[in-house]
Every structure is written in C-alpha cells, then in structure tokens.
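Peer 1:
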Amino acid sequence: MSFIEKIRGIAGKIKAVDSLKNPDFRMFFFSRLFNALGMNVRQFSTSLLMYRVTNSPTLLGVLILGRAVPLLLVSPLAGALADRFQKKTLIQYASVADVLIAASIGISLTTGYLSADNPGSWWFLVAMAFFDGISTVFKGPATDAMIIEVVGDKLVTNAIALNLAGQNTLRLIGPVLAGVTVDAIGFEPVYYGMAVIYAISFLFMIFVPYTGKRTPTGSNILNDIRDVVVYMKKERNILFVLVAVLCIVFFSMPYQQLLPIFTEDILKVGATGLGLLQMVTGAGSIGGAIILASLPSNKKRGLMMLMSGLILGLSLVVFSFSTVWAVSIALMIGVGLGQAGRMTLPVALLQTYTRPEYRARVMSFYGVEFGLSSLGTFFAAILVDTLGIQWSVGGMAIMLVALSVAALLFIPRLRNLD
Numbered sequence: 025m026s027f028i029e030k031i032r033g034i035a036g037k038i039k040a041v042d043s044l045k046n047p048d049f050r051m052f053f054f055s056r057l058f059n060a061l062g063m064n065v066r067q068f069s070t071s072l073l074m075y076r077v078t079n080s081p082t083l084l085g086v087l088i089l090g091r092a093v094p095l096l097l098v099s100p101l102a103g104a105l106a107d108r109f110q111k112k113t114l115i116q117y118a119s120v121a122d123v124l125i126a127a128s129i130g131i132s133l134t135t136g137y138l139s140a141d142n143p144g145s146w147w148f149l150v151a152m153a154f155f156d157g158i159s160t161v162f163k164g165p166a167t168d169a170m171i172i173e174v175v176g177d178k179l180v181t182n183a184i185a186l187n188l189a190g191q192n193t194l195r196l197i198g199p200v201l202a203g204v205t206v207d208a209i210g211f212e213p214v215y216y217g218m219a220v221i222y223a224i225s226f227l228f229m230i231f232v233p234y235t236g237k238r239t240p241t242g243s244n245i246l247n248d249i250r251d252v253v254v255y256m257k258k259e260r261n262i263l264f265v266l267v268a269v270l271c272i273v274f275f276s277m278p279y280q281q282l283l284p285i286f287t288e289d290i291l292k293v294g295a296t297g298l299g300l301l302q303m304v305t306g307a308g309s310i311g312g313a314i315i316l317a318s319l320p321s322n323k324k325r326g327l328m329m330l331m332s333g334l335i336l337g338l339s340l341v342v343f344s345f346s347t348v349w350a351v352s353i354a355l356m357i358g359v360g361l362g363q364a365g366r367m368t369l370p371v372a373l374l375q376t377y378t379r380p381e382y383r384a385r386v387m388s389f390y391g392v393e394f395g396l397s398s399l400g401t402f403f404a405a406i407l408v409d410t411l412g413i414q415w416s417v418g419g420m421a422i423m424l425v426a427l428s429v430a431a432l433l434f435i436p437r438l439r440n441l442d
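Residue 339 in the working numbering is what sits at position 315 of the sequence shown, and the numbering runs on without skipping anything.
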C-alpha cells in the first residue's frame, strides 16, 4: 500500500472529514475557502485603511453602515432569487463583483486618490463597502442553502463546520501576511492580491455542479417573500434561532470592525498586531469547528449555540478592558471558540428545520440580522467618542453575557433544540 493510500485510509476513518469524501463538496469547499480568505483580508484591510485615512471612529461606523444597508434592504429579495434560480450562478456573479471591488480600491490607492492626504476620499471606501454588501447579500443565502443540497441532511453540520475550520485555517496566515505587508509597503498589494483570491474562488465554483432548482408557486418574487414570512411565523423553532442569532451578533460583532481602534490606540501594536489578533481568533475558531465537526450526532445544538454566545461574551468583556498585549491575544482564543459555535450551529439548525423550498429565503433573513448587527456596530462606533472604545465594546459584551444566561435559564425550547 502506497503512502498516499495509507493517508486516504486514515482520513476515511475520521468523522471530521466525512463531507470531504464528496468530490462536489471538495470543489465547493475550496471555492468558499478562497472566498473566506478574501473576506478576512477585506475586513482586516478596509477597516484599518478607513481609520488611517480619517482617524475617526464615527466614519469607521459609517463604513460599516454602508455595507449594512444592502443586507437590510435586499436580503429577502436575494433569498427569493436563490430559491427561484440556480444558486451556483448567483455565487459566480457575486465573485466577479468581488474581484472588481478589490481591484478598484487597489487602483484608487495606486493613483493616490485614496490616502490620508486626501481625507475626503473616505466616501469611495463607503461606496465600495455598499457594493460589497450587495455582493455579500446575493451570495450569502445561495451559499448557505446550497451546502445541504451538495452533501445531504446527515452531513450538513459536518460540512458547515468543515467550511468554518478551513476558512479559519487560512485566517491564521491571511491577516498576518496582510498586516506585515501593510506595515512594510502599504495597502496596494493587499487589494490586488485580494482580487486574485476572489478570482480563484470563482474558478473552483465552475467545477461544482448545479443543484436543485425550485419551481416557484407565487406569481412574482414579492409573493415568494410574503410566503416565507408566513412560513416562519408558523415555524417557531426557526423564529427562536433567528432571534438568538440576532442577539449574539448584535452585541458581539462590534469588536470585529472596531478592532483597529484597540490595536492603534489601546494596545499600540500596529497592523501586524491586528493581524496577530485575528490569527489567534482563527486558531480558536478552528478548534471549535473541529470539535463540532467531530460530534457523533446532531444532539444539543441549541444548548451549544447558547453556550457559544456565553463564551464569546465573557471573552469580549475581559478583552475590552485589557491593556496587556499577552492577555489580550490569549483572550482571542475564547473569542474564536465562541465564534465557531455562533457561525456553525445557527446555520445548521436553520437548514435542518426549514423545508427545502424555503431554505434560501429563510437564510436571507439570517443575512438581514447581520445588517441589523451592523447598526449595533455603528451605534458602538458613535459611543466611542463619548465612552471610549473599551466601554463601548465591553458594555455590549456585558449585555450578551446577560442575555445568554437568561436564554439558558428561561427558554427551554431553544436550549433543547437538536
């Protein structure tokens, strides 16, 4: 038996990689892997670039709000389209848009238009964030709903967790390399590299087969949106999960976008330090994702989701008030563990409890919640000028801890979801 055959034999016995035995999912996995790398680098670079161009927490909040507007206004439409048309096609169109957005920012930096010497150029970043939000809103529901169509019901939690583990593996190196690059030679190569990464994601998606297409029963898309609202009102489990996710992301997400303020003003570690914090968060998420992918069954997923929110909240409370670099970076492991549960379990639960013909539309409301969470980030950014960054982010994390404990104690239906 050759060495490669031995490795394949060992991998075949490991439950954590069950989904990767499906060749179609492997192509889907690598496409999403590079897409996530591009998104991680974008999140790292764009927030830091905005803060360095403007030195304004409020305008950083405006950037976040610009990306949130499409998530709030267009998500239900995107979900309805994903239930009507091929999800793969929508994902590919969004990937092309991602390439163009990254390249446009790179060109604006090369020409010198986007710079601290021209602080009024911040509007261009907000505009690109808006278009990035449109891209995200169309590929998000399609991507989430497509996973179960590729791997089936039994492997959906495993597949989602593997996606997260793979994405966070690249997150170990992506932000750090971006941070070192920014500190050494500037933002330009980061954005051109981002365009290449999104192009690779597009190429892998070419090899993923088209999945099932729903035959719409409504006369138009507005009827499709109305139908899913009626459906969600009847399915209480779906509503419980959506409300729980809204609370978790609303009170935890501000730290992600406002992290450059911590690294620039509190910890004073620069772009490289920012990349290291994100790298350690990714390591924590990998650990959490591997644990979730290795679980023998789909039991207790509601309980684990709420516990993830609690771990995330507690880690953020302590991080927010830390001024010691070693303590801050260690706490990112807990943040990553909480993020793994927050990103994996709600998607798995929603896909499990949603009928196939409604999946993309239900997942579009999951996307709306991230738009609403960006309003929380905008609110937190405005509070920075009054309360400071530590109380702004830390206060919201304290609310997350309180809500997580309350849900664990007083909402047994959510706690007992499998």
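C-beta atoms are modelled at their ideal positions from N, C-alpha and C, and glycine is treated no differently.
Along the chain, where does the alpha helix (DSSP H) that runs through residue 222 open and close?
Peer 2: Here residue 222 refers to the residue found at position 198 of the sequence shown. Segment 212-230, the alpha helix (DSSP H) holding residue 222.
Peer 1: Could you say which of 104, 140 and 148 lies nearest to residue 166 if we only look at CA atoms?
Peer 2: In the sequence shown, the residue the question calls residue 166 occupies position 142. Among 104, 140 and 148, the Cα nearest to that of residue 166 belongs to 104.
Peer 1: Mapping DSSP to helix, strand and coil, what is residue 119?
Peer 2: Taking the sequence shown and counting its residues from 1, the one referred to as residue 119 is at position 95. Correct three-state label for residue 119: helix.
Peer 1: Please name the residue, chosen from 116, 125 and 280, that lies closest to residue 417 on a Cα-to-Cα basis.
Peer 2: In the sequence shown, residue 417 corresponds to position 393, counting from 1. Residue 417 has its Cα closest to that of 280, out of 116, 125 and 280.
Peer 1: If you draw a straight line from the alpha carbon of residue 313 to that of residue 366, how long is it in whole angstroms?
Peer 2: Position 289 of the sequence shown, counting from 1, holds the residue named residue 313. Position 342 of the sequence shown, counting from 1, holds the residue named residue 366. Taking the straight line joining both Cα atoms gives about 10 Å.
Peer 1: Have a look at the DSSP bridge pairing and note the partners of residue 142.
Peer 2: Sequence index remark: in the sequence shown, residue 142 carries index 118 (1-based). Residue 142 is bridged to 139.
Peer 1: With burial defined as no fewer than 16 other Cβ atoms inside 10 Å of the residue's Cβ, what is the status of residue 437: buried or exposed?
Peer 2: Taking the sequence shown and counting its residues from 1, one reaches residue 437 at position 413. Exposed.
Peer 1: Taking contact to mean at least 3 C-beta pairs separated by less than 8 Å, is the stretch 296-304 in contact with the stretch 150-166?
Peer 2: no
Peer 1: Excluding five sequence neighbours on each side, which residues of the same chain lie with their C-beta closer than 7 Å to the C-beta of residue 357?
Peer 2: Residue mapping note: residue 357 aligns to position 333 of the sequence shown, counting from 1. Cβ neighbours of residue 357 beyond the five flanking positions: 304, 307 and 308.
Peer 1: On the three-state DSSP scale, how would you describe residue 323?
Peer 2: Counting from one through the sequence shown, the residue named residue 323 turns up at place 299. The answer is coil: DSSP assigns residue 323 none of H, G, I, E or B.
Peer 1: As a quick exercise: from 155, 55 and 267, pick the residue whose alpha carbon is nearest that of residue 188.
Peer 2: Here residue 188 is taken as the residue at index 164 of the sequence shown, counted from 1. That would be 55, whose Cα lies nearest to the Cα of residue 188.
Peer 1: So residue 52 and residue 232 are in contact, right, with Cβ under 8 Å, and what is the actual spacing, rounded?
Peer 2: In the sequence shown, the residue the question calls residue 52 occupies position 28. In the sequence shown, the residue the question calls residue 232 occupies position 208. That belief holds up - the Cβ atoms of residue 52 and residue 232 are roughly 5 Å apart, short of 8 Å.
Peer 1: How is residue 379 classed by DSSP in three states: helix, strand or coil?
Peer 2: On the sequence shown, position 355 is the one that residue 379 refers to. Reduced to three states, the DSSP call for residue 379 is coil.
Peer 1: Residue 233 by DSSP, collapsed to three states: which one?
Peer 2: Numbered from its first residue, the sequence shown carries residue 233 at position 209. In the structure shown, residue 233 falls within a coil segment according to DSSP collapsed to helix, strand and coil.
Peer 1: Once you ignore the five residues that flank residue 75 on each side, which residues in its own chain have a CB closer than 6 Å to its CB?
Peer 2: As a first step, residue 75 is located in the sequence shown; it is residue number 51 there, counting from the start. Only 84 and 284 meet the Cβ criterion.
Peer 1: Name the residue from 100, 261, 275 and 339 whose alpha carbon lies nearest to the alpha carbon of residue 249.
Peer 2: Sequence index remark: in the sequence shown, residue 249 carries index 225 (1-based). If we check each option's Cα against that of residue 249, 100 comes out closest.
Peer 1: Using a Cβ-Cβ cutoff of less than 8 Å, which residues in the same chain neighbour residue 360 once the five nearest sequence positions on both sides are dropped?
Peer 2: For this step, residue 360 is matched to residue 336 along the sequence shown. Same-chain partners within the cutoff: 192, 304, 305, 306, 307, 308, 309, 310, 311 and 312.
Peer 1: Which residue's Cα is closest to the Cα of residue 23: 218, 323, 317 and 229?
Peer 2: Lying before the first or after the last residue shown, residue 23 is absent from the chain, which here runs from 25 to 442.
Peer 1: Between residue 175 and residue 49, is the Cβ-Cβ spacing less than 8 Å?
Peer 2: In the sequence shown, the residue the question calls residue 175 occupies position 151. In the sequence shown, the residue the question calls residue 49 occupies position 25. Yes.
Peer 1: Once the 5 residues before and after residue 218 are set aside, which same chain residues still bring their CB inside 7 Å of it?
Peer 2: Looking up residue 218 in the sequence shown gives position 194. Once the five neighbours on either side are set aside, the close Cβ partners of residue 218 are 62, 65, 66 and 126.
Peer 1: Hey, out of 109, 73, 131 and 183, whose CA is closest to residue 319's CA?
Peer 2: Start at 1 with the first residue of the sequence shown, and residue 319 comes out as number 295. Minimum Cα distance to residue 319 is reached at 183.
Peer 1: Ignore the nearest five residues each way along the sequence and tell me which others in residue 323's own chain have a CB closer than 6 Å to its CB.
Peer 2: Numbered from 1 along the sequence shown, position 299 holds the residue referred to as residue 323. Here the set comprises 442.
Peer 1: Should residue 390 go down as buried or exposed, given a rule of 16 or more other Cβ atoms within 10 Å for buried?
Peer 2: The residue you call residue 390 lines up with position 366 of the sequence shown. Counting Cβ neighbours within 10 Å, residue 390 comes out buried, since at least 16 surround it.
Peer 1: Express the C-alpha separation of residue 370 and residue 393 in angstroms, rounding to a whole number.
Peer 2: Against the sequence shown, residue 393 aligns to sequence position 369. Against the sequence shown, residue 370 aligns to sequence position 346. Residue 393 and residue 370: Cα-Cα distance of roughly 12 Å.
Peer 1: Quick one: is residue 147 buried, meaning 16 or more other Cβ sit within 10 Å of its Cβ, or exposed?
Peer 2: Working through the sequence shown from its first residue, we reach residue 147 at position 123. Exposed.
Peer 1: Sort 440, 414, 411 and 402 by Cα distance to residue 82 and report the nearest one.
Peer 2: The count along the sequence shown starts at 1 and reaches residue 82 at position 58. Comparing Cα positions, the closest option is 402.
Peer 1: Starting from the Cα of residue 89, find the closest Cα among 46, 282, 293 and 265 and give me that residue.
Peer 2: What you label residue 89 is simply residue 65 of the sequence shown in a count that begins at 1. It is 282.
Peer 1: Kindly list the residues whose CB is nearer than 8 Å to the CB of residue 446, restricted to its own chain and excluding five residues on each side of it in sequence; keep chain order.
Peer 2: Examination of residue 446 is not possible in this model, given that the chain is present from 25 through 442 alone.
Peer 1: CB residue 153 to CB residue 87, shorter than 8 Å?
Peer 2: As a first step, residue 153 is located in the sequence shown; it is residue number 129 there, counting from the start. As a first step, residue 87 is located in the sequence shown; it is residue number 63 there, counting from the start. Yes, they are a contact pair.
Peer 1: Identify the continuous alpha helix (DSSP H) that holds residue 257 and give its terminal residues.
Peer 2: Position 233 of the sequence shown, counted from the first residue, corresponds to residue 257. Taken as a continuous stretch (DSSP letters only), the alpha helix (DSSP H) holding residue 257 covers 245-258.
Peer 1: Got a sec, what are the start and stop residues for the alpha helix (DSSP H) residue 294 sits in?
Peer 2: As a working mapping, residue 294 is identified with position 270 in the sequence shown. Segment 294-318, the alpha helix (DSSP H) holding residue 294.
Peer 1: Whose C-beta lies closer than 7 Å to the C-beta of residue 428 among residues of the same chain, with five residues either side of it excluded?
Peer 2: As a working mapping, residue 428 is identified with position 404 in the sequence shown. Hits under 7 Å: 330, 333, 334 and 337.
Peer 1: Cutting at 6 Å between CB atoms, please list the residues of its own chain near residue 117, excluding the five before and the five after it.
Peer 2: Here residue 117 refers to the residue found at position 93 when the sequence shown is read from its first residue. Cβ within range, chain order: n/a, list empty.
Peer 1: Comparing alpha-carbon positions, which option in 157, 373 and 414 lies nearest residue 267?
Peer 2: Position 243 of the sequence shown, counting from 1, holds the residue named residue 267. Minimum Cα distance to residue 267 is reached at 373.
Peer 1: Can you tell me whether residue 27 is helix, strand or coil according to DSSP?
Peer 2: Along the sequence shown, read from residue 1 onward, the residue named residue 27 stands at position 3. Note that residue 27 has pLDDT 38, beneath the 50 cutoff, so the model's placement of it is unreliable and no number is given.
Peer 1: Excluding the 5 residues flanking residue 328 on each side, which residues of the same chain have their C-beta closer than 7 Å to its C-beta?
Peer 2: The count along the sequence shown starts at 1 and reaches residue 328 at position 304. For residue 328, where only same-chain residues beyond five positions count, the Cβ hits under 7 Å are 365 and 369.
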